[in-house]
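J.: Sequential numbering of the sequence shown, starting at 1, is according to full-length UniProt numbering.
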Amino acid sequence: MREKIMDGLQRFSKAMFIPVLILPIAGILIAFGNLFTNQRLIETVPFLDNPVTTGFGMILSGSLVAILNNLGVIFCVGLAIGLAKKKKAEAGFTSLLGYLVFVNAMNKFMDLRGLLISADSLQGTGQAVVLGVQILDMGVFLGIILGIVTAIIHNRYCEKELNNAFQIYGGSRFVFIVLIPVVVLLAVLFTYIWPFFQSGINSLGTLINQSGNFGIFLYGMLERLLIPTGLHHLVYTPFLYTSLGGVQEVGGQIYEGARNIYFAEIADSSVSMLSKSVIWDARGISKMFGLIGACLAMYQTAKPENKQKAKAILIPAAVTSFIAGVTEPIEFSFMFIAPILFVVHSILSGLSMVVLNILNVRAIGPNGFIDFLLYNIPLGQAKTNWIMYIVVGLMFFAIYYVVFRFLISKLNLKTIGREDEGQETKLYSKKDYKDSKNGQTAPQTESAGEYSLAGIIVDALGGSSNIESVTNCYTRLRLTLNQPDKVNENILKNETGASGIIIKDHNVQVVYGLQVNGIRKSVDEYLGISEEE
Numbered sequence: 001m002r003e004k005i006m007d008g009l010q011r012f013s014k015a016m017f018i019p020v021l022i023l024p025i026a027g028i029l030i031a032f033g034n035l036f037t038n039q040r041l042i043e044t045v046p047f048l049d050n051p052v053t054t055g056f057g058m059i060l061s062g063s064l065v066a067i068l069n070n071l072g073v074i075f076c077v078g079l080a081i082g083l084a085k086k087k088k089a090e091a092g093f094t095s096l097l098g099y100l101v102f103v104n105a106m107n108k109f110m111d112l113r114g115l116l117i118s119a120d121s122l123q124g125t126g127q128a129v130v131l132g133v134q135i136l137d138m139g140v141f142l143g144i145i146l147g148i149v150t151a152i153i154h155n156r157y158c159e160k161e162l163n164n165a166f167q168i169y170g171g172s173r174f175v176f177i178v179l180i181p182v183v184v185l186l187a188v189l190f191t192y193i194w195p196f197f198q199s200g201i202n203s204l205g206t207l208i209n210q211s212g213n214f215g216i217f218l219y220g221m222l223e224r225l226l227i228p229t230g231l232h233h234l235v236y237t238p239f240l241y242t243s244l245g246g247v248q249e250v251g252g253q254i255y256e257g258a259r260n261i262y263f264a265e266i267a268d269s270s271v272s273m274l275s276k277s278v279i280w281d282a283r284g285i286s287k288m289f290g291l292i293g294a295c296l297a298m299y300q301t302a303k304p305e306n307k308q309k310a311k312a313i314l315i316p317a318a319v320t321s322f323i324a325g326v327t328e329p330i331e332f333s334f335m336f337i338a339p340i341l342f343v344v345h346s347i348l349s350g351l352s353m354v355v356l357n358i359l360n361v362r363a364i365g366p367n368g369f370i371d372f373l374l375y376n377i378p379l380g381q382a383k384t385n386w387i388m389y390i391v392v393g394l395m396f397f398a399i400y401y402v403v404f405r406f407l408i409s410k411l412n413l414k415t416i417g418r419e420d421e422g423q424e425t426k427l428y429s430k431k432d433y434k435d436s437k438n439g440q441t442a443p444q445t446e447s448a449g450e451y452s453l454a455g456i457i458v459d460a461l462g463g464s465s466n467i468e469s470v471t472n473c474y475t476r477l478r479l480t481l482n483q484p485d486k487v488n489e490n491i492l493k494n495e496t497g498a499s500g501i502i503i504k505d506h507n508v509q510v511v512y513g514l515q516v517n518g519i520r521k522s523v524d525e526y527l528g529i530s531e532e533e
């Protein structure tokens, strides 16, 4: 049972990337559009004071805010595609149909029962208008629930074939036939039970908000600590896109979730100061500053004869973390070989968010310096207090450096460049750590010089027959293997450039960084997996 639960959470976490990773693009473009309507910038650059540029900015920001108002359907389609094992496009299309059926079924049932509220504003009533239809306000949870339900039915019946005259109703059409009564029944059930769920969610949100800085610290620490499991996305996603991260009225529209509120507020020029809820998205201090200090500490504590090799490994990892917010290459350099450093890193990450909250800083840099520039600078110092964000970042750079250097030297930790004689200077994985404890060496496989990179990866994963499914997130190749003990981590790390490997039951994650999307495509082609599958 535990293995099934973990497998389900892993699959859900992977599927969440489809809707989640597209939303920052909307946010960046909203911020870009806001440049052309920023009054301070217009006064500084008179060329922008014309109806063409200001109109363009208003259209760009205003049109993309519509995405935030329809997150339910976006998550529904995205999750259905991500969780579908085959015929992903058909699963996404079917989920959209199911979503339309649900909202209209709930509306009609509520109307029949006299439950619809007639009011000029539905704020605070527990009801909302979704795709032009008034129903209970389930927010993004509606999309998540329907996406999961559609995927379950799709995976079970997408290849169901009927006989004789009914053949035309097989496959994805049969999935929709089965989905209709299920969705209608859910619409009726949730009409009665959702108010209780909503009450519980609101109570949890109130508890978190009342816990103040302790809640922020716990959130920031757990978001880092769960990285080895790959489930850290399940910590921050509810805060970014649901009422747990706050509820705010912006321009007469109600928004839920830290990132949704942030995007709405940067698009509204009348907002003078960003709301406190944005702190749930302020996870960039450790990425842009803290881990850079950790890299400097590891370099300076490396043995003299290993410093050049350490520099060659740490500098690219540090640049990637600072520019793009990809932290795994650095974190995997000490996560398993010196776990105390990873615990300290998680604690400092949580503390950095607390400091930002105490100093009333509303700037964010969730994906590194590029995001920091695009999101915050156009808004001005008054809205975001971004200068203090940099000050706090420099402070944590120093803290990370001092703490890491002290612990590495005091405890003689075998970080990069401090390996024992005969050991290779490299990034470490979990299996390297276990093998070193047991005095074992990972088995070698036949040389794969004639294979492509994808061929080497597949061979190191135990061969194509061992691979059940292949997906990827922002930085990791995520696989389900029949026999995970066949994984050869040495080959993955030394011959394919992987910076870390995580094995949890049948779920295997191989960290490649930003190039993972291209690697995933190469592996798919090598295995003969079509995009439709």
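Even for Gly, the Cβ is constructed at its ideal location relative to N, Cα and C.
For clarity, every value in this text was computed on a predicted model and none was experimentally measured.
Is the CB-CB distance between Leu162 and Gln134 below 7 Å?
T.: For Leu162 and Gln134, no; Cβs fall outside 7 Å.
J.: Between Asp137 and the rest of its own chain, which residues show a CB-CB distance below 7 Å, the 5 nearest in sequence each way excluded?
T.: Here the set comprises Gly126, Gln127 and Ala128.
J.: Quick check for students: name the residue ranges of the alpha helix (DSSP H) that lie wholly in the stretch 366-426, counting only runs of 4 or more.
T.: Runs of the alpha helix (DSSP H) inside the stretch 366-426: 369-376, 381-384 and 386-411.
J.: Where are the alpha helix (DSSP H) runs, 4 residues long or more, that stay fully inside the stretch 308-361, in chain order?
T.: List check, alpha helix (DSSP H) in window: 328-331 and 339-358.
J.: First and last residue of the alpha helix (DSSP H) that includes Ala454?
T.: Leu453 to Ala460 is the span of the alpha helix (DSSP H), which, as asked, contains Ala454.
J.: Does Asp371 pass the burial test, meaning 16 or more other C-beta atoms within 10 Å, or should it be called exposed?
T.: By the neighbour-count rule (16 or more Cβ atoms within 10 Å), Asp371 is buried.
J.: What are the complete beta strand (DSSP E) segments, minimum 3 residues, inside the stretch 76-153?
T.: Correct list: 127-130 and 133-136.
J.: Check whether the Cβ of Pro181 sits closer than 6 Å to any heavy atom of the ligand ATP, and report yes or no.
T.: This structure does not include the ligand ATP; it has no bound ligands of any sort.
J.: Please give the ranges of any beta strand (DSSP E) in the UniProt domain "PTS EIIB type-1" (451-533), keeping only runs that are unbroken, at least 3 residues long and fully inside the region.
T.: Counting only runs of 3 or more, we get 467-472, 476-481, 500-504 and 507-511.
J.: How many Å lie between Ile408 and Lys303 at the Cα?
T.: Straight-line Cα distance between these residues: approximately 12 Å.
J.: Straight-line CA distance for Pro19 to Ile74?
T.: Going from the Cα of Pro19 to the Cα of Ile74 covers about 6 Å.
J.: Using the rule of at least 16 other Cβ atoms within 10 Å of the residue's Cβ for burial, across every protein chain shown, is Lys86 buried or exposed?
T.: Exposed.
J.: Within 10 angstroms of the Cβ of Lys88, are there 16 or more other Cβ atoms? Answer buried if so, exposed if not.
T.: Burial call: buried.
J.: How is Gly439 classed by DSSP in three states: helix, strand or coil?
T.: Low local confidence applies: a pLDDT of 41 at Gly439 is under 50, so the model's placement there is unreliable, and no value is given.
J.: According to the neighbour-count rule (16 or more other Cβ atoms, all chains shown, within 10 Å of its Cβ), is Thr301 buried or exposed?
T.: Counting Cβ neighbours within 10 Å, Thr301 comes out buried, since at least 16 surround it.
J.: Please report the distance separating the alpha-carbon of Ala460 from that of Gln515.
T.: About 19 Å.
J.: For a quick check, are the C-beta atoms of Leu68 and Phe263 less than 7 Å apart?
T.: Yes. Within cutoff.
J.: Sort Glu495, Glu525 and Arg224 by Cα distance to Thr471 and report the nearest one.
T.: Comparing Cα positions, the closest option is Glu525.
J.: Would Asn376 pass as a contact of Val361 if the rule is Cβ separation under 7 Å?
T.: No.
J.: At what residues does the alpha helix (DSSP H) containing Ile364 begin and finish?
T.: Element bounds for Ile364: n/a, residue is neither H nor E.
J.: Taking the beta strand (DSSP E) that Val247 belongs to, which residues open and close that run?
T.: Start and end: Val247 to Val250.
J.: DSSP beta-bridge partners for Gln253?
T.: The partner list for Gln253 (beta bridge, DSSP) reads Val250.
J.: Kindly give me the distance between the Cβ atoms of Ser286 and Ser352, rounded to whole angstroms, as I take these residues to be in contact under 8 Å.
T.: With 8 Å as the limit, Ser286 and Ser352 qualify as a contact, their Cβ atoms being about 6 Å apart.
J.: Taking just the CA atoms, how far does Leu527 sit from Ala267?
T.: When rounded, the distance between both Cα atoms is 45 Å.
J.: Tell me the rounded alpha-carbon separation between Gly171 and Gly78.
T.: Between Gly171 and Gly78, the C-alpha separation is close to 20 Å.
J.: Please report the distance separating the alpha-carbon of Lys437 from that of Val319.
T.: Only weak support is given to the placement of Lys437: the predicted model assigns it a pLDDT of 40, under 50, and the value that follows is read from those uncertain coordinates. Using only the alpha carbons, I get a separation of about 32 Å.
J.: With a 10 Å radius around its C-beta and 16 neighbouring C-beta atoms as the bar for buried, classify Lys14 as buried or exposed.
T.: Classification for Lys14: buried.
J.: Confirm, please, whether the CB-CB distance from Thr150 to Ser95 is below 7 Å.
T.: Taking 7 Å as the Cβ cut-off, Ser95 and Thr150 qualify as a contacting pair.
J.: Given this structure, state the Cα-to-Cα distance separating Gln198 from Asn367, to the nearest angstrom.
T.: The straight-line gap from Cα to Cα measures roughly 31 Å.
J.: By the DSSP assignment, the alpha helix (DSSP H) with Asn69 in it spans what residues?
T.: Run containing Asn69: none; DSSP gives neither H nor E here.
J.: Closer than 8 Å by C-beta to Asn517: which residues in its own chain qualify, once you throw out the five before and the five after it? Chain order, please.
T.: Excluding positions up to five away in sequence, the list reads Asn472.
J.: Note down the Cα distance separating Tyr157 from Lys108, rounded to an integer number of angstroms.
T.: Approximately 28 Å between the Cα atoms of the pair.
J.: Starting from the Cα of Ala80, find the closest Cα among Gly33, Thr415, Gln308 and Leu146 and give me that residue.
T.: Checked all of Gly33, Thr415, Gln308 and Leu146; the closest Cα to Ala80 is Leu146.
J.: Using 8 Å as the threshold, is the stretch 396-403 in touch with the stretch 335-353, meaning 3 or more CB pairs across them?
T.: Taking 8 Å as the limit for Cβ pairs, the verdict is that the stretch 335-353 does touch the stretch 396-403.
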